[in-house]
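Taking UniProt numbering, the leading residue of the sequence shown gets 1, the next gets one more, and so forth. C-beta: ideal position from N, C-alpha, C; glycine also. Read the structure below first, then the notes.
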Amino acid sequence: MAWNKRNRQLHRQLSIIFTTTVIVAFIGAALGLTETAMWLFYLPLPPLFLLMGTGLYMFAQPYRTKRRGARPNLAQ
Ligand code: HEM
1 MAWNKRNRQL
11 HRQLSIIFTT
21 TVIVAFIGAA
31 LGLTETAMWL
41 FYLPLPPLFL
51 LMGTGLYMFA
61 QPYRTKRRGA
71 RPNLAQ
């Protein structure tokens, strides 16, 4: 179950990174930087993509344990 815990922790840390990149993109847009540096808008996409992967893993977890006939670990 250590992998589940790691995945949840990674998701939490990625959410902070993602939020920071969104704030950076907004500040960049407000300062007019995005007219020359369009890539600033794409900055949140890599962490968002990783969030999707780790999030979907967490979403599927209870169904996977149920199918295996094990009791779901509510403390994970
Ligand atoms: C992109 C697709 C995403 C999917 C599929 C997804 C899915 C999930 C799932 C299934 C959980 C577990 C909920 C539970 O405990 O039952 C979760 C928790 C969480 N998600 Fe996401 N999420 C996504 C994106 C995000 C984003 C964009 C943020 C914030 C910027 C975020 C922040 C969090 C946080 C802070 C938790 C709680 C983690 C913890 O328990 O420590 N997620 N997410």
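Between the ligand HEM and M38, a heavy atom-to-CB distance of less than 7 Å is absent. Fewer than three beta-carbon pairs drawn from the region 35-44 and the region 52-67 are found closer than 8 Å, and the two stretches are therefore not classed as touching. Counting the other CB atoms within 10 Å of its CB gives F18 a total of 16 or more, which places it among the buried residues. Checking the 7 Å criterion, the Cβ of L45 is out of range of every heavy atom belonging to the ligand HEM.
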